[in-house]
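Trainee: Numbering (the working numbering), first residue to last: 6 to 236.
Could you have a look at this structure, given as structure tokens, before my questions?
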């Protein structure tokens, strides 16, 4: 395996071990070769190997088993996306805005499939969440968790675990990097959410698409929404 330009040696070793796992069809619960065997096989120092193994542990790929060795863990998409997205969010000043842009593009890309797969009970659940959002708004409380629940419910029937994991990870970042800007247009946010729910309740596909587009029209709630009747 060729070392990439500027790549740290432990990163190359990480990729080599990952390739070994795939080539040998190792499964969760299987043990990696011993430290000495990996050092001999890869031709690196113990310190470099340990850095690579530590990176794999941080990503939830392996776990150290005292007296046994290093064991492969079951793949966890949520854990992987959370680590990758939080790492990216900490690297650049505009990273959080970029993550929110990814979320917007994901939701708009999957909105047609979401509409086609939602059932009556799902729409009823979305209405319940909407009423909880309104209640918190009337009490002048922030409704971040219900907001997440609202959006995740819309895409619940698609059955795409990667989509769900990525969206949840982005929500985690959003909730942990709160800014004043996020809370400036909550009344507008209520209108936009209500438009989405009414479109779903009416079974109006085009109104739903229009409401979703309006919700993400210009960044984070910076434009006033049209009322449902105007869409």
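Even glycine gets a Cβ: it sits at the ideal position worked out from N, Cα and C.
Assuming residue 158 and residue 138 make a contact with CB atoms under 8 Å, what is their CB distance in whole Å?
Mentor: Residue mapping note: residue 158 aligns to position 153 of the chain shown, counting from 1. Residue mapping note: residue 138 aligns to position 133 of the chain shown, counting from 1. Rounded, the Cβ-Cβ distance is 12 Å, inconsistent with contact.
Trainee: Whole-angstrom Cβ separation of residue 200 and residue 222, contact assumed at under 8 Å?
Mentor: Taking the first residue of the chain shown as position 1, residue 200 is located at position 195. Taking the first residue of the chain shown as position 1, residue 222 is located at position 217. Not a contact, Cβ separation roughly 12 Å.
Trainee: Could you tell me whether the Cβ atoms of residue 162 and residue 123 are closer together than 7 Å?
Mentor: In the chain shown, the residue the question calls residue 162 occupies position 157. In the chain shown, the residue the question calls residue 123 occupies position 118. Closer than 7 Å, so yes.
Trainee: On the DSSP letters alone, give me the boundaries of the beta strand (DSSP E) that residue 76 sits inside.
Mentor: Residue numbering aside, residue 76 sits at position 71 when the chain shown is read from its first letter. Its beta strand (DSSP E) spans residues 74 to 77.
Trainee: DSSP beta-bridge partners for residue 166?
Mentor: Indexing the chain shown from 1 puts residue 166 at position 161. For residue 166, which the question treats as bridged, DSSP gives no partner whatsoever.
Trainee: With C-beta atoms as the reference, is residue 120 less than 7 Å away from residue 19?
Mentor: One-based indexing of the chain shown puts residue 120 at position 115. One-based indexing of the chain shown puts residue 19 at position 14. The answer is no: Cβ separation not under 7 Å.
Trainee: Got a sec, what are the start and stop residues for the alpha helix (DSSP H) residue 141 sits in?
Mentor: Taking the chain shown and counting its residues from 1, one reaches residue 141 at position 136. Residues 125 to 143.
Trainee: Is residue 110 near the ligand NAP, going by C-beta to nearest heavy atom under 6 Å?
Mentor: Although the ligand NAP was asked about, the structure shown includes no ligands whatsoever.
Trainee: Return helix, strand or coil for residue 32, following the three-state DSSP convention.
Mentor: Taking the first residue of the chain shown as position 1, residue 32 is located at position 27. Looking at residue 32 - three-state DSSP - the assignment turns out to be coil, as it is neither helix nor strand.
Trainee: Taking the beta carbon of residue 108 as the centre, do at least 16 other beta carbons fall within 10 Å, making it buried, or is it exposed?
Mentor: Stepping through the chain shown from its first residue, residue 108 is reached at position 103. Its Cβ being crowded by 16 or more others within 10 Å, residue 108 is buried.
Trainee: Going by the beta-carbon positions, is the gap between residue 14 and residue 53 smaller than 7 Å?
Mentor: To locate residue 14, count along the chain shown from 1; it is residue 9. To locate residue 53, count along the chain shown from 1; it is residue 48. Yes, the pair counts as a contact, with Cβ atoms nearer than the cut-off.
Trainee: For residue 38, which residues from the same chain have a beta carbon less than 6 Å from its beta carbon, with the 5 sequence-adjacent residues on both sides left out?
Mentor: If you number the chain shown from 1, residue 38 lands on position 33. Contacts found: none.
Trainee: Determine the contact status of residue 178 and residue 104, defining contact as a CB-CB distance below 7 Å.
Mentor: Within the chain shown, numbered from 1, the residue matching residue 178 stands at position 173. Within the chain shown, numbered from 1, the residue matching residue 104 stands at position 99. A contact, by the Cβ cut-off of 7 Å.
Trainee: Would you mind stating whether residue 47 and residue 70 have Cβ atoms separated by less than 7 Å?
Mentor: Reading the chain shown from its first residue, position 42 is the one you call residue 47. Reading the chain shown from its first residue, position 65 is the one you call residue 70. Contact: no.
Trainee: Residue 117: which of 10, 211, 17 sits nearest, CA to CA?
Mentor: One-based indexing of the chain shown puts residue 117 at position 112. Considering only alpha carbons, the answer is 211.
Trainee: Count the other C-beta atoms from every protein chain shown that fall within 10 angstroms of the C-beta of residue 205, then say buried if there are 16 or more, exposed otherwise.
Mentor: Translated into positions along the chain shown, residue 205 becomes position 200. Flag for residue 205 reads buried.
Trainee: Find out if the Cβ-Cβ distance for the pair residue 49, residue 132 is shorter than 7 Å.
Mentor: Within the chain shown, numbered from 1, the residue matching residue 49 stands at position 44. Within the chain shown, numbered from 1, the residue matching residue 132 stands at position 127. Taking 7 Å as the Cβ cut-off, residue 49 and residue 132 do not qualify as a contacting pair.
Trainee: Who pairs with residue 69 in a beta bridge, going by DSSP?
Mentor: Looking up residue 69 in the chain shown gives position 64. Paired residue(s): 75.
Trainee: Near residue 141, what residues of its chain come up, given a Cβ to Cβ distance below 6 Å and the 5 sequence neighbours on each side ignored?
Mentor: Counting from one through the chain shown, the residue named residue 141 turns up at place 136. 148.
Trainee: Give every residue of the same chain whose Cβ lies closer than 7 Å to the Cβ of residue 185, excluding the five residues on either side of it in the sequence, and list them in chain order.
Mentor: Reading the chain shown from its first residue, position 180 is the one you call residue 185. For residue 185, the pLDDT reaches just 48, beneath the cut-off of 50, and the residue's location in the model is therefore unreliable, although a value from the coordinates is still provided. So the list is empty, once near-sequence residues are dropped.
Trainee: Within 10 angstroms of its Cβ, does residue 197 collect 16 or more other Cβ (buried), or is it exposed?
Mentor: Residue numbering aside, residue 197 sits at position 192 when the chain shown is read from its first letter. So residue 197 counts as buried.
Trainee: Assuming residue 74 contacts residue 17 (C-beta within less than 8 Å), just tell me the rounded distance between them.
Mentor: Walking along the chain shown from the start, residue 74 turns up at place 69. Walking along the chain shown from the start, residue 17 turns up at place 12. About 22 Å; that fails the 8 Å criterion.
Trainee: Please work out which residues of its chain come closer than 8 Å, Cβ to Cβ, to residue 32, disregarding the five sequence neighbours upstream and downstream, and give them in chain order.
Mentor: Your numbering for residue 32 matches position 27 in the chain shown. Excluding positions up to five away in sequence, the list reads 77.
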